[in-house]
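Chains A and B are the protein sequences, given in the same order. Each residue of the first sequence is one higher than the one before, counting from 1 in our numbering. Each residue of the second sequence is one higher than the one before, counting from 507 in our numbering. Notes for the one structure printed next.
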Amino acid sequence: MVTDWTLTQILWLPSPLAILLLGGLFTPFIGLLTERVGLRRVRELWAASVLSLALVSLYLLFQELRGEPGGVLLILPFGQRPPGGSCFEIDALSLFMGGSVAFLGVLVAIYSFNYMEGVGRLNEYYALLIFMVAGMTGIAMAGDFFTLFVFWEMMSLSSYVLVAFLKERWAPIEAGFKYLIMSATAGAFLLLSMSFLYGMTGTLNFAQLSASLRGAALTPWLAVLFCCLIIGFGVKSAIVPLHTWLPDAHPEAPSPISAMLSGMVIETGLYGLTRVLYLIFTPSLFHIPISALAVLTMTMANIWALLQQDIKRLLAYSSIAQMGYMLIGVASGTSYGIMGTFLHVFNHSLMKGLAFLSSGSIVHEVGKRDIESLKGVGRMMPISTITFFISLLGLGGVPSTNGFISKFILFNSAILVGAPWLAVAGVLNSAFSMAYYLRVMKALISKPEMELEAREAPILMISVTVVMALLIVLLGVWPEPAIEYATEASKALVDNIQNYIRAVAY
Amino acid sequence: MIPYTPFMISTFLLLAIGLGCLMVKRDMIRLLMGIEILFNAANLNFIALSVQSEGFVDPLAQSVVMMAIVLDGAVIAVGLAMTLNVYRHYRTVDVRKLRRLRW
């Protein structure tokens, strides 16, 4: 079952990860060398091509996975079998997450060409961006808790530095420090829950943990473990009582990084939570707490979002609310609900990515982030504004955008498992969220009150946002391919969980 | 075999001390020390659990702890770099002064 890819054999890593790690490692050297020679734009092209190459190799891996019986690929670094050795265990869900991450990564890297121009330390910027993508891909492919933790910290470390990247201003530093303290505490709780799991079973391998713990009755130690896991993953995925770092950190990061953080990093936290919960517990055990967290998350985040004056801060609160919708699918415990969750993860990465990128173009031109002071920008930057509108409509769940499809599946799954109150809460929140999206739209197209200087953004930034907007509409009217991939991914997690367990011989 | 209970008690004590430090202390360097204590609580628990079977020390837990020490060292290094930058902007390392971002 071990793949015979040459790159995999040399480096003992799945090929997309090997490409990303090597690419990230060489980025600063290539940047320094080409600067010395006087060539411009080489490191940008290098970063974008590394990310696209990773995307291609993820696709090749997906083709390989389809031919595999059981749909699980096991890669053992150094040939050690679990529990002694760590491993990568790749199923359709891992590749779905990895593909979404790499896809958004390519778009963000291309967008950064113009956006980050004039900011110093670009070598570090692109290296950190690639390492963040590598961390997320590694989390998605990890076959045991140890591997997951290493890549988790890799993703976290790069995102701390990227949030505080514009260190000449005070706000990113303050936000970054807050993020670091909260997220590192969560990391410690994750390590603690790992130690409890190790104490109960003597292994950290997901498949073996699942074989010995799944279906067990709820003991006090399992309850402690559950709380530690919720804290450990919940801070990263911004579930409401633990979200306080997000509305500071996401707006203060450079806009492409905001898109990456809101679009994929918090979803990676959700992926970790989902994977571990479904492997260790049976869905009936965590249905009530997760649905309570879902309702709390979306309601509170929507109320807070309504009060915001800052456009990027509003989008950050909207991300928390979307996290609430995704939790509905996790709570449902069926493969249909999980399909909705991960379809929404992909759709949200497009929509929130686009929202941050096109609002980033606007903010970049105008230099202000207040909604009131952005009045009338829509007349000067028509394309950015239209793409921004499409993303906001998608986030609100208007039919013919992809946000509608995934929200519909999520709410439907809640009804199908006999929790209609969850669906009602979701629908009410969706309607409520339109209030603040429409407020932003109204401000952007109303008559300017003061003198504003704004030109349309450079062509590369525009083309990235236009491509994303077209994808949102396309996947809204023709959602079959996305649904097909998401269904395959969710089946791998819920229905075919025995294949995942059986791949590691006990 | 070494009894586990004293280790469990000290793990929870360390956890309480670390969380208390994060809640009460106002100095950024002390907050980072609080995080270090939290990580050490988890590491201690791992090591205590790895010696539970007779005459055998599990290398898995030892390697995880080694890696965790490296990782939280990296986190603390980034935190210290940020503290330095905070000092450049605010001329203090008191987190109560870092209140310009709200809501």
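Ideal Cβ positions, reconstructed from N, Cα and C, are used throughout, including at glycine. Note that the structure is a prediction, hence the values are computed from the model and not measured.
Item to check | Three-state secondary structure (DSSP) of A/Glu89 | outcome: The count along the first sequence starts at 1 and reaches residue 89 of chain A at position 89. Strand, per DSSP.
Item to check | Beta-carbon spacing of A/Trp245, A/Lys352 below 7 Å | outcome: One-based indexing of the first sequence puts residue 245 of chain A at position 245. One-based indexing of the first sequence puts residue 352 of chain A at position 352. No.
Item to check | Candidates A/Pro479, A/Leu180, A/Leu73 and A/Leu395: closest to B/Ala580 by CA position | outcome: On the second sequence, position 74 is the one that residue 580 of chain B refers to. Out of A/Pro479, A/Leu180, A/Leu73 and A/Leu395, A/Leu180 has the C-alpha closest to the C-alpha of B/Ala580.
Checklist entry - Does DSSP put A/Asn205 in a helix, in a strand, or in coil? => result As a working note, residue 205 of chain A is residue 205 in the first sequence. Residue state, collapsed to three classes: strand.
Checklist entry - According to DSSP, what are the bridge partners of A/Ile75? => result The residue given as residue 75 of chain A occupies position 75 in the first sequence. Bridge partners of A/Ile75: A/Phe88.
Next on the checklist: Which residue wins for smallest C-alpha separation from A/Gly31, given the options A/Phe165, A/Glu44, A/Leu22 and A/Val366?
Outcome noted: Locating residue 31 of chain A in the first sequence gives position 31, counting from the first residue. The candidate whose alpha carbon is nearest that of A/Gly31 is A/Glu44.
Checklist entry - Which class does A/Ala142 belong to by DSSP, given the choice of helix, strand or coil? => result Counted from its first residue, the first sequence places residue 142 of chain A at position 142. A/Ala142 carries a strand assignment under DSSP once its states are collapsed to helix, strand and coil.
Next on the checklist: Quick check: the region 371 to 386 of chain A against the region 295 to 306 of chain A, are at least 3 beta-carbon pairs closer than 8 Å?
Outcome noted: no
Checklist entry - Are any of the Cβ atoms in chain A nearer than 7 Å to that of B/Met529? => result Locating residue 529 of chain B in the second sequence gives position 23, counting from the first residue. No, B/Met529 does not count as interfacial toward chain A.
Checklist entry - If you scan the region 263 to 305 of chain A from start to end, which runs of the alpha helix (DSSP H) of 4 or more residues do you find wholly inside it? => result 266 to 280
Checklist entry - Got a sec? Which residues, its chain only, sit under 7 Å from A/Leu225 by beta carbon, not counting five neighbours each side? => result Position 225 of the first sequence, counted from the first residue, corresponds to residue 225 of chain A. The residues are Ser193, Phe196 and Leu197.
Checklist entry - Based on the DSSP output, what are the partners of A/Asp370 in its beta bridges? => result Numbered from its first residue, the first sequence carries residue 370 of chain A at position 370. Beta-bridge pairing links A/Asp370 to A/Asp310.
Checklist entry - Where does the unbroken alpha helix (DSSP H) through B/Pro565 begin, and where does it stop? => result Taking the first residue of the second sequence as position 1, residue 565 of chain B is located at position 59. It spans Pro565 to Tyr596 - the alpha helix (DSSP H) in which B/Pro565 sits, taken as one unbroken run.
Next on the checklist: Using the three-state DSSP reduction, which class does A/Asp495 fall into: helix, strand or coil?
Outcome noted: Against the first sequence, residue 495 of chain A aligns to sequence position 495. The answer is coil: DSSP assigns A/Asp495 none of H, G, I, E or B.
Next on the checklist: Does chain A have any CB closer than 7 Å to the CB of B/Ile541?
Outcome noted: In the second sequence, counting from the first residue as 1, residue 541 of chain B sits at position 35. Yes - at least one Cβ of chain A is within 7 Å of the one on B/Ile541.
Checklist entry - At a CB-CB cut-off below 7 Å, which residues of chain A make contact with B/Phe545? => result Residue mapping note: residue 545 of chain B aligns to position 39 of the second sequence, counting from 1. By Cβ distance, chain A contributes Ala188 and Leu191.
Item to check | Cross-chain neighbours of B/Met572 in chain A, by beta carbon under 8 Å | outcome: Along the second sequence, one-based indexing puts residue 572 of chain B at 66. Taking the beta carbon of B/Met572 as reference, no residue of chain A falls within 8 Å; the closest one sits roughly 11 Å away.
Item to check | Delimiting residues of the alpha helix (DSSP H) encompassing A/Phe408 | outcome: To locate residue 408 of chain A, count along the first sequence from 1; it is residue 408. Where A/Phe408 is concerned, the enclosing alpha helix (DSSP H) stretches over Asn402 to Leu416.
Checklist entry - Residues bridged to B/Asp533 by DSSP? => result Working through the second sequence from its first residue, we reach residue 533 of chain B at position 27. Paired residue(s): B/Asp600.
Next on the checklist: Give me the chain B residues within the contact set of A/Tyr437, using Cβ-Cβ distance strictly less than 8 Å, ordered along the chain.
Outcome noted: The sequence position of residue 437 of chain A within the first sequence is 437, counting from 1. Those within 8 Å of A/Tyr437 in chain B number zero; the least Cβ separation is about 19 Å.
Item to check | Residue span of the alpha helix (DSSP H) that contains A/Gln63, given as start and end | outcome: Here the question's residue 63 of chain A lines up with position 63 in the first sequence. Element bounds for A/Gln63: Val42 to Gly67.
Checklist entry - Does the Cβ of A/Ala486 have 16 or more other Cβ atoms within 10 Å, making it buried, or fewer, making it exposed? => result Taking the first sequence and counting its residues from 1, one reaches residue 486 of chain A at position 486. Flag for A/Ala486 reads buried.
Checklist entry - So, is the C-beta of B/Ala548 closer than 7 Å to a C-beta in chain A? => result Stepping through the second sequence from its first residue, residue 548 of chain B is reached at position 42. B/Ala548 belongs to the set of residues whose beta carbon lies under 7 Å from a beta carbon in chain A.
Item to check | Rounded C-alpha distance that separates B/Tyr510 from A/Leu191 | outcome: Counted from its first residue, the second sequence places residue 510 of chain B at position 4. Counted from its first residue, the first sequence places residue 191 of chain A at position 191. Each residue's Cα considered, the two are about 18 Å apart.
Item to check | Proximal residues to B/Val599 (C-beta, below 8 Å), its chain only, five neighbours per side dropped | outcome: As a position in the second sequence, residue 599 of chain B is number 93, starting the count at 1. These residues qualify, in order along the chain: Asp533, Met534, Ile535, Thr589, Val592 and Tyr593.
Item to check | Residue nearest to A/Val295 in terms of C-alpha spacing, selected from A/Met323, A/Tyr115 and A/Thr282 | outcome: Taking the first residue of the first sequence as position 1, residue 295 of chain A is located at position 295. Among A/Met323, A/Tyr115 and A/Thr282, the Cα nearest to that of A/Val295 is on A/Met323.
Item to check | C-alpha distance - A/Met326 paired with A/Thr341, whole-angstrom precision | outcome: Residue 326 of chain A sits at position 326 when you count from the first residue of the first sequence. Residue 341 of chain A sits at position 341 when you count from the first residue of the first sequence. Computed Cα separation, rounded: 5 Å.
Checklist entry - Are the region 82 to 94 of chain A and the region 142 to 154 of chain A touching by the rule of at least three beta carbon pairs closer than 8 Å? => result Contact between the region 82 to 94 of chain A and the region 142 to 154 of chain A is present: three or more C-beta pairs spanning the two stretches fall below 8 Å.
Checklist entry - What's the gap between the Cα of A/Ser361 and the Cα of A/Glu372? => result As a first step, residue 361 of chain A must be located in the first sequence, where it is residue number 361. As a first step, residue 372 of chain A must be located in the first sequence, where it is residue number 372. The straight-line gap from Cα to Cα measures roughly 17 Å.
Next on the checklist: Which of the three DSSP states is assigned to A/Glu174 in this structure?
Outcome noted: Along the first sequence, read from residue 1 onward, the residue named residue 174 of chain A stands at position 174. A/Glu174 sits in a helix when the DSSP states are folded into three classes.
Checklist entry - With B/Ile553 and B/Val571 assumed to form a contact (beta carbons below 8 Å), what rounded beta-carbon distance in angstroms separates them? => result Position 47 of the second sequence, counted from the first residue, corresponds to residue 553 of chain B. Position 65 of the second sequence, counted from the first residue, corresponds to residue 571 of chain B. 6 Å between Cβ atoms; contact.
Next on the checklist: Using 7 Å as the threshold, is the C-beta distance between A/Ile231 and A/Phe189 below it?
Outcome noted: Along the first sequence, read from residue 1 onward, the residue named residue 231 of chain A stands at position 231. Along the first sequence, read from residue 1 onward, the residue named residue 189 of chain A stands at position 189. Yes; because the gap between Cβ atoms is below 7 Å, this pair is in contact.
Checklist entry - Any Cβ of chain A within less than 7 Å of the Cβ of B/Phe552? => result Within the second sequence, numbered from 1, the residue matching residue 552 of chain B stands at position 46. Closer than 7 Å: yes.
Item to check | Run of the alpha helix (DSSP H) containing A/Gly476, from where it starts to where it stops | outcome: In the first sequence, the residue the question calls residue 476 of chain A occupies position 476. Where A/Gly476 is concerned, the enclosing alpha helix (DSSP H) stretches over Ile459 to Val477.
Next on the checklist: So A/Ala503 contacts chain B; which residues on that side make the cut at Cβ distance below 9 Å?
Outcome noted: Position 503 of the first sequence, counting from 1, holds the residue named residue 503 of chain A. Result: empty, since nearest Cβ-Cβ is about 19 Å, beyond 9 Å.
Item to check | C-beta atoms of A/Met260 and A/Val108 nearer than 7 Å | outcome: For the purposes of this step, residue 260 of chain A is taken as the residue at position 260 of the first sequence. For the purposes of this step, residue 108 of chain A is taken as the residue at position 108 of the first sequence. Contact flag set, yes.
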